[in-house]
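Data first, discussion second: the structure below is written as structure tokens.
Numbering (the numbering used here), first residue to last: 3 to 280.
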């Protein structure tokens, strides 16, 4: 999934939109768990929450089909269950525009592992539009609708009721999500009709700035994760690389370096990568 979609969706879902959570889990409330797993691979789930019945709900989001999704989910189950020792519900939420085509089970002698996959287009957008939670409202643009323009108007009408700064932030998130459905022009058109002061003529600049800020947050999270991995694998000597790591100027490079740490047998391999990348 492109990073700006991934980051925006994570940001929205971490607000735990009540109606959407009810559809996904059967509960309107949950406790967000900010957790990373350093074992074997350094993994951070898209969403992990503790539900009122003390069980855990884990969700991953996909904008494309992944033929290894079943193995990824099994790996997450191992990491989450062994860390918390609680019952875990797992769900993959597909938000792409193509046909959903992913397996949801692994079956072999001695093991039958399953998890749910939901195509967000199977959710009626009206359920989310009826909510008084703006995070629910903007997710409606990804859901099933017979009238995309009408859905957008309904979302904009809900956002109009918000304080100015909140309204602006949700509109920017709506613009990002609209790209997944090719509806950006329609959203811009409706925003221009709003009787409020939003300079939609520069919305791409606003959006780019918002995404840049979100990517910076992702970068900080990666740096913290890399620092922990270096210390776990190489001790204090590993931390000596952090000044060079911080000079990597893209999230993709940081991701590549993070994956290399898991495979590297020596510090020299990491230094060689950093030397080529800077």
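Glycine included, every Cβ here is placed at the ideal spot set by N, Cα and C.
Only residues of its own chain outside the window of five on either side were considered, and among them 56, 57 and 58 have a CB closer than 7 Å to the CB of residue 88, listed in chain order.
When the Cα atoms are used, residue 184 and residue 96 turn out to be separated by approximately 16 Å.
Taken through DSSP and simplified to helix, strand or coil, residue 262 comes out as helix.
DSSP places residue 115 in the strand class (E or B) of the three-state scheme.
Non-local beta-carbon contacts of residue 18 in its own chain, meaning distances under 6 Å to residues more than five positions away in sequence, involve 32 in chain order. The beta carbons of residue 125 and residue 25 sit closer together than 8 Å. Cβ-Cβ distances below 6 Å link residue 117 to 75, 92 and 106 in the same chain, with the five nearest sequence neighbours on each side left out; the list follows chain order. Under DSSP, residue 92 shares a beta bridge with 60.
By the C-beta criterion, the segment 160-176 is judged to be in contact with the segment 127-142, since at least 3 inter-stretch pairs fall below 8 Å.
Under the three-state reduction of DSSP, residue 110 is assigned to strand. Residues of the same chain with a CB within less than 7 Å of the CB of residue 130, apart from the 5 flanking positions on each side, are 21, 22, 138, 139, 141, 142 and 145 in chain order.
Nearest C-alpha to residue 37 among 192, 78, 257 and 115: 78. One Cα belongs to residue 177, the other to residue 188, and the distance between them is close to 10 Å. Note that the segment 219-228 touches the segment 244-260; at least 3 beta-carbon pairs, one per stretch, sit closer than 8 Å. Per DSSP, the beta bridge partners of residue 34 are 51.
The continuous alpha helix (DSSP H) containing residue 136 extends over residues 136-141.
Taking residue 246 as the centre and dropping the five residues before and after it, the same chain places the C-beta of 276 and 280 closer than 7 Å to its C-beta, in chain order.
In this structure, residue 179 places its C-beta atom within 8 Å of the C-beta atom of residue 10. Distance from the Cα of residue 121 is smallest, within the candidate group 111, 132, 100 and 133, for 100. Relative to the Cα of residue 235, the nearest Cα in the group 264, 48 and 255 belongs to 264.
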